[in-house]
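Quick notes on the structure that follows.
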Amino acid sequence: MTDKTSNAKAERSLNFIEQIIENDLQEGKNKGIVYTRFPPEPNGYLHIGHAKSICLNFGLAQKYNGKTNLRFDDTNPEKEETEYVNSIMEDVRWLGFEWEGEPRYASDYFDQIYEWTVKLIRDGKAYIDEQTAEQISEQKGVPTRPGTESPYRNRPIEENMQLFDRMKNGEFKEGEMVLRAKIHMASPNMHMRDPIMYRILHKPHHRTGDKWCIYPMYDWAHGESDYIEGITHSVCTLEFEVHRPLYEWFLEQVYTPGDIKPRQIEFARLNLNYTVMSKRKLLELVNTKLVSGWDDPRMPTISGLRRRGYTPESLRNFADMIGIAKRDNVIDVSLLEFAIREDLNKKALRVMGVLNPLKVVLTNYPDGKTEYLPTENNPEDENGGLRDIPFSKELYIEQDDFMENPPKKYFRLSPGAEVRLKSAYIIKCESLEKDEQGNITTLYCTYDPDSKSGSGTEASKRKVKATIHWVSAPHAVDAEIRLYDRLFSDAEPDGHDADFKTFLNPDSLQIITTAKVEPALANVDKNVSFQFMRLGYFCLDKEATPGNLVFNRTVTLKDTWTKLVEKGDVN
RNA sequence: UGACCGAUUGUGUAACGGCAGCACAGCAGAUUUUGGUUCUGUCAGUCUAGGUUCGAAUCCUAGUCGGUCAACCA
Numbered sequence: 005m006t007d008k009t010s011n012a013k014a015e016r017s018l019n020f021i022e023q024i025i026e027n028d029l030q031e032g033k034n035k036g037i038v039y040t041r042f043p044p045e046p047n048g049y050l051h052i053g054h055a056k057s058i059c060l061n062f063g064l065a066q067k068y069n070g071k072t073n074l075r076f077d078d079t080n081p082e083k084e085e086t087e088y089v090n091s092i093m094e095d096v097r098w099l100g101f102e103w104e105g106e107p108r109y110a111s112d113y114f115d116q117i118y119e120w121t122v123k124l125i126r127d128g129k130a131y132i133d134e135q136t137a138e139q140i141s142e143q144k145g146v147p148t149r150p151g152t153e154s155p156y157r158n159r160p161i162e163e164n165m166q167l168f169d170r171m172k173n174g175e176f177k178e179g180e181m182v183l184r185a186k187i188h189m190a191s192p193n194m195h196m197r198d199p200i201m202y203r204i205l206h207k208p209h210h211r212t213g214d215k216w217c218i219y220p221m222y223d224w225a226h227g228e229s230d231y232i233e234g235i236t237h238s239v240c241t242l243e244f245e246v247h248r249p250l251y252e253w254f255l256e257q258v259y260t261p262g263d264i265k266p267r268q269i270e271f272a273r274l275n276l277n278y279t280v281m282s283k284r285k286l287l288e289l290v291n292t293k294l295v296s297g298w299d300d301p302r303m304p305t306i307s308g309l310r311r312r313g314y315t316p317e318s319l320r321n322f323a324d325m326i327g328i329a330k331r332d333n334v335i336d337v338s339l340l341e342f343a344i345r346e347d348l349n350k351k352a353l354r355v356m357g358v359l360n361p362l363k364v365v366l367t368n369y370p371d372g373k374t375e376y377l378p379t380e381n382n383p384e385d386e387n388g389g390l391r392d393i394p395f396s397k398e399l400y401i402e403q404d405d406f407m408e409n410p411p412k413k414y415f416r417l418s419p420g421a422e423v424r425l426k427s428a429y430i431i432k433c434e435s436l437e438k439d440e441q442g443n444i445t446t447l448y449c450t451y452d453p454d455s456k457s458g459s460g461t462e463a464s465k466r467k468v469k470a471t472i473h474w475v476s477a478p479h480a481v482d483a484e485i486r487l488y489d490r491l492f493s494d495a496e497p498d499g500h501d502a503d504f505k506t507f508l509n510p511d512s513l514q515i516i517t518t519a520k521v522e523p524a525l526a527n528v529d530k531n532v533s534f535q536f537m538r539l540g541y542f543c544l545d546k547e548a549t550p551g552n553l554v555f556n557r558t559v560t561l562k563d564t565w566t567k568l569v570e571k572g573d574v575n
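Each residue of the first sequence is one higher than the one before, counting from 5 in the working numbering.
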């Protein structure tokens with residue numbers, strides 16, 4: 005590091021992986037190359053925990069002038085599908101990263117791995133075991149007790165060769181035999197107790213089809229794939245820490261001095277409260293139709309967050325804020341919400357929409373008149389410009405913005421009180437109308453013609469206690485709005501004895517069909533975020549059509565009023 | 001009761017033997033034509049016990065607590 009960089013103000017401290025990399029670089033390891041990889045198994049959709057890993061791996065390469073491969077860890081044809089491959093590529097790209105060259109597949113290396121396997125057998129370092137899974141498991145012992153050796157452990161090399169060849173040729177049934185590495189049955193590390201290298205699986209593979217009926221296990225494929233690709237830093241999550249000695253043992257068997265030597269580094273996976281983060285559980289939610297799919301906006305999947313309205317920038321910033329370390333962590337969802345609000349606050353066009361409309365008639369406004377009033381597109385953006393919104397005698401305001409008997413700290417509309425309509429006029433509530441059930445149906449108000457926003461008059465500068473949003477009734481457009489809350493009502497749904505699904509939040513989806521939005525929203529693109537003033541950030545759902553607007557609420561605005569109400573601190 | 005890993009405010013994360021900092025959350029206030037944004041202030045932390053040292057969150061020892069490992073999954 006040069007003096008210039010180290011003197012740069014507010015230099016970010018390095019996380020422990022960056023420190024390792026900088027040490028490696030300083031020692032001149034691997035010719036100064038930094039090459040990482042993101043290695044998902046294509047057996048499910050990516051979630052925000054993967055986003056952390058993606059940002060880490062690609063970010064490391066960007067920072068140190070290196071490259072990153074996308075590699076599908078597809079050594080188990082039973083669970084892996086092309087659908088997942090495609091969604092994973094889409095998600096990585098959407099997050100803003102581009103991998104080096106073509107996507108790689110562990111299955112691309114099956115031939116090479118097979119060759120290495122033959123070499124290991126020849127060297128007497130692997131043997132065919134004919135025992136059942138149960139017997140092997142039994143012999144493996146337990147972490148506190150050493151294992152015992154298989155009766156087949158010292159089978160002659162030639163016999164191993166022949167058997168393995170016949171295994172490959174499909175002469176045996178699934179489970180009939182496996183190939184094991186001959187390491188150390190008494191190792192305190194379970195993974196070193198003669199781990200299985202190959203098993204028989206008469207299943208077609210999504211890439212290699214029927215070519216193979218034997219497939220290498222993770223441990224005897226992952227490090228070797230890293231080696232083949234010239235990966236320098238193989239970053240994975242903590243649960244693989246105990247695999248590292250095996251990773252290194254296998255690597256040693258195939259390594260040629262002078263080559264790049266990959267190194268496995270483990271970090272703590274992301275946990276988020278009020279959700280679950282395992283592919284198995286997410287799949288269960290999908291299969292049991294408790295959510296509408298992998299991209300249900302309540303899911304912590306990347307596709308779900310995308311559909312919900314999260315931006316790639318917000319997710320990258322989030323990944324940045326949570327940091328990288330080795331201790332177990334549970335991130336508060338409020339940090340994720342902060343990340344999206346922070347991003348959308350800068351970018352989102354301000355618009356007005358009313359979720360639960362309450363009709364307002366301005367008794368002193370001319371019948372049939374329409375005014376077009378200029379309003380800021382985004383006060384946070386100097387170059388955001390203005391647009392005109394229609395105003396007329398009949399309006400809708402939010403039901404929540406009127407109270408017949410308001411508490412002391414309620415600043416909005418009530419009988420006899422005044423509020424400003426955003427970018428329009430100050431109005432005063434004169435009377436109201438109710439139906440037989442006592443529901444308020446219409447508010448009759450007067451407006452102050454001199455109070456027009458931006459007119460510069462004394463009346464326009466009057467301070468009233470609140471400004472509320474509204475839409476012009478004859479101009480408004482109908483919309484369906486989907487409000488989302490956390491999927492689970494328990495902070496740690498999978499941290500109990502009870503099934504995690506019992507903690508699902510019954511109110512995680514609320515569909516509003518009565519909404520009225522300003523006419524400009526009738527023709528907007530998907531993948532664009534809006535701030536519905538005072539309500540939150542929204543975007544068009546993928547199910548929306550030109551005649552049928554459907555908006556997802558990405559996140560509410562910070563809401564100190566609701567907080568006051570909940571505390572009972574409004575009088 | 002084995003091996004490995006970890007432990008810093010409510011939640012995350014820095015400090016690499018020399019003033020425990022930052023972000024989120026919380027609280028209080030200012031500004032505000034969004035009860036938003038912005039700004040200011042504030043609360044709150046080194047798991048325990050020993051040791052090394054002029055000096056320990058940091059190094060050593062022991063303990064405590066938490067996590068991981070016993071799929072022909074990854």
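The beta-carbon is built from N, C-alpha and C at its ideal position, and this holds for glycine as well.
Note that the structure is predicted; figures quoted are calculated from it, not measured.
Check                                                                                                                                                                               : Outcome
Compute the beta-carbon to beta-carbon distance between residue 476 and residue 427, rounded to the nearest angstrom, for a pair I have assumed lies under 8 Å.                     : Their Cβ separation, rounded to whole angstroms, is 12 Å, which puts residue 476 and residue 427 out of contact at 8 Å.
Rounded to whole angstroms, what's the CA-CA distance from residue 100 to residue 79? Just pull it up for me.                                                                       : 27 Å
Quick one: Cα of residue 450 to Cα of residue 420, how far?                                                                                                                         : 10 Å
Would you be able to state if there are at least three C-beta pairs under 8 Å between the region 65 to 79 and the region 101 to 117?                                                : yes
Using a threshold of 8 Å, state whether the C-beta atoms of residue 48 and residue 283 are closer than that.                                                                        : yes
Which word fits residue 465, buried or exposed, when buried means at least 16 other C-beta atoms lie within 10 angstroms of its C-beta?                                             : exposed
Taking all protein chains shown into account, decide if residue 1 is buried (16 or more other Cβ within 10 angstroms of its Cβ) or exposed.                                         : Any property of residue 1 remains undetermined from this structure, which presents the chain solely from 5 to 575.
Leaving aside the five residues before and after residue 390 along the sequence, list all residues of the same chain whose C-beta is less than 7 Å from its C-beta, in chain order. : 378, 379, 380 and 381
Look up residue 59 in the DSSP assignment and say whether it is helix, strand or coil.                                                                                              : helix
In angstroms with no decimal places, state the Cα-to-Cα distance between residue 255 and residue 214.                                                                               : 28 Å
Measure how close the beta-carbons of residue 294 and residue 568 come, nearest whole angstrom, since I'm counting them as under 8 Å.                                               : Between residue 568 and residue 294 the Cβ distance is about 34 Å, and since that is not below 8 Å, they are no contact.
In chain order, which continuous runs of the beta strand (DSSP E) of length 3 or greater are located wholly inside the region 163 to 198?                                           : 182 to 185
Grab me the residues of residue 188's own chain with a C-beta within less than 8 Å of its C-beta, minus the 5 sequence neighbours each way, in chain order.                         : 196, 197 and 198
What residue does the alpha helix (DSSP H) around residue 116 start on, and which one ends it?                                                                                      : 114 to 126
Can you give the Cα-Cα distance for residue 7 and residue 30, rounded to whole angstroms?                                                                                           : Reliability of the predicted coordinates at residue 7 is poor, the pLDDT of 28 falling under 50, and no value is obtained from them.
Using only alpha-carbon positions, find the residue among 147, 278, 472 and 45 that is nearest to residue 489.                                                                      : 278
Three-state secondary structure (DSSP) at residue 443?                                                                                                                              : coil
What's the gap between the Cα of residue 454 and the Cα of residue 430?                                                                                                             : 9 Å
Can you tell me whether residue 155 is buried or exposed? The criterion is at least 16 other CB atoms within 10 Å of its CB, across all chains shown.                               : exposed
Taking the alpha-carbon positions, what's the residue 376 to residue 457 distance?                                                                                                  : 12 Å
Tell me whether residue 84 is buried or exposed, calling it buried when 16 or more other Cβ atoms sit within 10 Å of its Cβ.                                                        : buried
Whole angstroms is fine: what's the gap from residue 57's alpha carbon to residue 358's?                                                                                            : 39 Å
To the nearest angstrom, how far is it from the Cα of residue 448 to the Cα of residue 553?                                                                                         : 30 Å
Rank 452, 407 and 193 by C-alpha distance to the C-alpha of residue 446 and give the top, closest one.                                                                              : 407
Suppose you measure from the CA of residue 9 to the CA of residue 16; what does that come to, to the nearest Å?                                                                     : Low confidence applies to residue 9: its pLDDT is 29, below 50, so where it sits in the model is not reliable enough to give any reading.
Could you check which residue in 42, 235, 123 and 258 has the C-alpha nearest to that of residue 93?                                                                                : 42
Closer than 6 Å by C-beta to residue 312: which residues in its own chain qualify, once you throw out the five before and the five after it? Chain order, please.                   : 301, 556 and 558
Could you compute how far the alpha carbon of residue 264 sits from the alpha carbon of residue 224?                                                                                : 18 Å
Consult DSSP for residue 470 and reduce its assignment to one of helix, strand or coil.                                                                                             : coil
Taking the straight line between their C-alpha atoms, what separation do you get for residue 336 and residue 276?                                                                   : 6 Å
For residue 355, I'd like the list of residues in its chain whose CB is within less than 8 Å of its CB, leaving aside the five on either flank, ordered along the chain.            : 521, 522, 524, 525, 534, 535, 536 and 537
Here's a check: name, in chain order, each residue in its chain whose Cβ is nearer than 6 Å to the Cβ of residue 45, leaving out the five neighbours to either side.                : 77
Specify the secondary structure class of residue 546 as computed by DSSP and reduced to three states.                                                                               : coil
Could you check what DSSP says for residue 564 in three-state terms: helix, strand or coil?                                                                                         : helix
Determine the burial state of residue 206: buried for a count of at least 16 other Cβ atoms within 10 Å of its Cβ, exposed for fewer.                                               : exposed
Can you give me the C-alpha to C-alpha distance between residue 560 and residue 487, rounded to a whole angstrom?                                                                   : 9 Å
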